[in-house]
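Notes follow the structure.
Numbering (the numbering used here), first residue to last: 78 to 425.
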């Protein structure tokens, strides 16, 4: 019996040993990271988010919102220009008037709701935490935040009308950046902080949109109504101030807090930290704005300078200014004169 067992032991073939190669280790590590990320994602959506909004349309997951944004970008950057390539631009005068009137009424309604849901009543402008209860006022504000989120999809029509009217030059990177980012931002706000201090930025944005779409509506009515737009020069200032105040409010101390902070030292440290982040973000954003605006002007000026030099004649300051147009700068004009003097020095 013992000999038979010994024979079985001897005859058994050793099991193959699977060696972990570098590729297998990398793949296993990537799988672990993906699983950990998915677990964290699920935990955040189920435990950190506001349970009151989980059953509302588009609020169960960010994927539908993300897909809608991708569809919008595809439509206005690829599909739309292809469809309109061999077509005449649409006038859309009546459609534009109706659309802008709708946006005025929609924004005005949300502005009223922001005031009556708290900011004109019991909300504190110093510190207003999010109310996650089922009180009527708290649910009213949360519902308003959802409608504010939906309004960002209606604003996609701004870009669609540009495409249909073949105003492709107005569909800039910053325009697409703004309209594709705001739905994702507002989804996060509705999912996690539907109320509180962060809604102050929404209120200001609605007020700016009332003025902005009012201007667009009157402009679309025709040339005979232009005399009523004497305040046009102030519109850009209103928009810029609105953007600054909204961004300041969105990164404020109390926007993402469930309770107001009582520790003075902690409050000051957090304010300084957020302020530094905001300053760096605005610095990069401002630099990009300047580059996006002034680079085409600089290239056009350089092209005009080159053409002026190749014309093989001397331009006076007045002639150079006329050639470059009213938007040219004195620097560009004097550069033409200096270059011409270097190329064709006056004879002795």
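For every residue, glycine included, the Cβ atom is placed at its ideal position computed from N, Cα and C.
Asked	Found
Same chain only: Cβ atoms within 8 Å of residue 257, ignoring 5 sequence neighbours per side	146, 149 and 150
CB contact flag (residue 179, residue 236, <9 Å)	no
As assigned by DSSP and simplified to three states, the class of residue 164	coil
Terminal residues of the alpha helix (DSSP H) in which residue 187 lies	170-191
Proximity to residue 129 [Cα-Cα], best of 288, 191 and 269	269
Distance between residue 303 and residue 177 (C-alpha atoms, nearest Å)	16 Å
Assigned secondary structure, residue 205 (DSSP; H/G/I helix, E/B strand, else coil)	coil
Within 9 Å, strictly: CB atoms of residue 298 and residue 181	no
N-terminal and C-terminal residue of the alpha helix (DSSP H) that residue 264 is part of	250-269
Those runs of the alpha helix (DSSP H) which lie wholly inside the segment 96-160 and span at least 4 residues	99-120, 140-151 and 157-160
Nearest residue (CA-CA) to residue 291, options 195, 132, 126 and 307	307
Endpoints, the alpha helix (DSSP H) within which residue 280 is located	276-297
Close Cβ partners of residue 300 (< 8 Å) along its chain, the five nearest in sequence each way excluded	none
Whether residue 199 touches residue 272 by CB criterion (9 Å)	no
Cβ neighbour criterion (16 or more within 10 Å) applied to residue 202	exposed
Backbone secondary structure at residue 232 - three-state DSSP	coil
Cut-off 8 Å between Cβ atoms - residues of its own chain near residue 158, not counting five sequence neighbours on either side	240 and 245
Beta-carbon separation (whole angstroms), residue 153 vs residue 248, contact threshold 8 Å	6 Å
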